[in-house]
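Adding 16 to a residue's 1-based position in the sequence shown gives its number in my numbering. Beta carbons: idealized from backbone N, C-alpha and C, even for Gly. Keep in mind that this is a model prediction, so the values were computed, not measured.
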Amino acid sequence: MYLQLGAETSVRVKDIIGIFSFNTTFCCADSNEFLKISDEDGFVFDLCENMGKSVILTEIDKNSKIFLSSISPTTLIKRICDEKK
């Protein structure tokens, strides 16, 4: 099963480690530093033109990837749950 993250990008649900709210996850300095370093190392994929609503942490083929999506975490989680019904 795949989850659509926006900007014509989808990931396999089994590759998702976590889905987090951008505002609550990156409100502290340590989280911002993690995102900055990850971006510099090429692990961050920004799928939105404006500020993201969610951060999706994945491991795809033993490589970490962080996606920033304009879709809310609640909506993404709901899509996963709806597909499993």
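May I have the straight-line CA-CA distance separating residue i from residue j, to the nearest angstrom?
i     : j     : result
Asp31 : Glu75 : 5 Å
Ile96 : Leu19 : 7 Å
Ser85 : Leu51 : 14 Å
Ile93 : Thr25 : 16 Å
Asp57 : Asp98 : 34 Å
Thr41 : Ile72 : 11 Å
Met17 : Asn48 : 31 Å
Lys69 : Gly22 : 12 Å
Ile87 : Asp77 : 24 Å
Closest by CA to residue i, which one among the options?
i     : options                    : result
Phe38 : Thr90, Asp98, Lys94        : Thr90
Leu63 : Phe36, Val29, Phe83        : Phe83
Asp55 : Gly22, Ser88, Lys81, Ala23 : Lys81
With respect to the alpha helix (DSSP H) encompassing residue i, which residues constitute its N-terminal and C-terminal limits?
i     : result
Ile96 : 89-100
Opposite residue i in the DSSP bridges: which residues?
i     : result
Leu84 : Asp62, Val71
Asn79 : Ile76
Leu2  : Absent from the model: residue 2. The displayed extent of the chain is 17 to 101, so no value can be given.
So the beta strand (DSSP E) residue i belongs to, where does it begin and stop?
i     : result
Phe36 : 32-37
Val27 : 25-28
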